[in-house]
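2 protein chains.
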Amino acid sequence: MTTRTAAERKADAKAQYNAFLAVCPSHQILGRVSGKWVALVLSALGSGPDCAGDARPMRYSELARVLAGVSPKMLSQTLRSLERDGLVSRTATATVPVTVSYELTALGLSLHHTVHQLKLWAERHRDDVAAHQDRYDAT
Amino acid sequence: MTTRTAAERKADAKAQYNAFLAVCPSHQILGRVSGKWVALVLSALGSGPDCAGDARPMRYSELARVLAGVSPKMLSQTLRSLERDGLVSRTATATVPVTVSYELTALGLSLHHTVHQLKLWAERHRDDVAAHQDRYDAT
DNA sequence: GAAAGTAGTTACTTTAAAGTGAGCTGCTAC
DNA sequence: GTAGCAGCTCACTTTAAAGTAACTACTTTC
Chain A
-17 MTTRTAAERK ADAKAQYNAF LAVCPSHQIL GRVSGKWVAL VLSALGSGPD
33 CAGDARPMRY SELARVLAGV SPKMLSQTLR SLERDGLVSR TATATVPVTV
83 SYELTALGLS LHHTVHQLKL WAERHRDDVA AHQDRYDAT
Chain B
-17 MTTRTAAERK ADAKAQYNAF LAVCPSHQIL GRVSGKWVAL VLSALGSGPD
33 CAGDARPMRY SELARVLAGV SPKMLSQTLR SLERDGLVSR TATATVPVTV
83 SYELTALGLS LHHTVHQLKL WAERHRDDVA AHQDRYDAT
């Protein structure tokens, strides 16, 4: 068959598009960064615990204290995925008890800077967005 | 009681942190942008259907064709939320049949530029990230 | 001797986002 | 007279991400 219905052509296009999305680097990165704790960890490691200083290594428990809402499961899951991507390095020291510290790699730091721009945008335009929302909801 | 157990203090800190996250502008924007279709719509409207040109208004059906995998529900939901935030403007023309076009506002265009930086990062570092993943998975 | 800090793991449950499929109105082309 | 385009909405189901709780094992402090 060379002739196909519109529905068939549409399904085909959709499959192709999904395949494209699966390998699209921008889409992958956006998916990674949009995890609930990813940006928070990146920010803590990249701008210090107060989110206003310089990058410095932090221990597991220190991160858990700063990101007050995170469960141990989510924290280690997030750190593991960032480590897998080469964005964070993990260093264990054999003290008693063991000390584990996490630090942004050069790659992680560069991603942090990029994500930080998004944050700056958000802070600059928060009032603007809120005003638009109020106007929209009023009608 | 002025003395509390560690568990109580932790629960308290968690509640406070969650309240903080709920109003944090960066977190809100990240949540908005990380919707599956948001970045895709932003990109289509901000860089043209081929994602390599200039911003220009597009019709509902044109967007649906370009974003081949999107369902009518998700497309209108996404457009509605972007419109609510003042990022996209909707213009209906009373032709037969009706013509509806969507266009980035100045605010939407500025967000598009910021998100675009993230995309450029992703494209620049995709190989680097993939290499780290392979090394990590091998061990 | 109960609780806290050290850095996690495992199994189970919840929930919010996304997907599916149908339907709507009015018109046109094959 | 079936199918298509145009621009949606509504109800239902699926699924992946996140949350919850419990447990590891060893040390130190109240």
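Read top to bottom, the protein sequences are chains A and B. For the first sequence, the numbering used here begins at -17 and goes up steadily by one. For the second sequence, the numbering used here begins at -17 and goes up steadily by one. All C-beta atoms, glycine included, are put in the ideal place defined by N, C-alpha and C.
In the DSSP assignment, S63(B) falls within the alpha helix (DSSP H) that extends over P54 to R66. The continuous alpha helix (DSSP H) containing S8(A) extends over residues P7 to V15. Spanning the alpha carbons of G35(B) and L27(B) requires a straight line of approximately 10 Å.
Burial check for K101(A): the Cβ neighbour count within 10 Å reaches 16 or more, so the residue is buried. Per DSSP, V111(A) is not a residue of any beta strand (DSSP E); the alpha helix (DSSP H) it occupies stretches across A88 to A120. Nearest CB-CB separation between R108(A) and chain B: below the 8 Å threshold. In its chain, beyond the 5 residues on either side, L3 have a beta carbon closer than 8 Å to the beta carbon of H9(B).
A Cβ-Cβ separation of about 6 Å places Q115(B) in contact with R66(A) under the 8 Å criterion. For R47(A), the enclosing alpha helix (DSSP H) covers residues Y42 to V48. Under the three-state reduction of DSSP, R(-9)(A) is assigned to helix. The alpha-carbon separation between S25(A) and V97(A) amounts to approximately 9 Å. Within chain A, no residue has its CB atom less than 8 Å from the CB of L86(B), the nearest being about 13 Å off. Below the 7 Å Cβ cutoff, chain B contributes A50 and G51 as neighbours of K(-4)(A), in chain order. Residue-level contact by beta carbon holds for S8(B) and chain A, with a gap shorter than 8 Å.
Around the beta carbon of H94(B), 16 or more other beta carbons sit within 10 angstroms, so the residue counts as buried. Contact between the stretch 78 to 87 of chain B and the stretch 102 to 109 of chain B is absent: fewer than three C-beta pairs spanning the two stretches fall below 8 Å.
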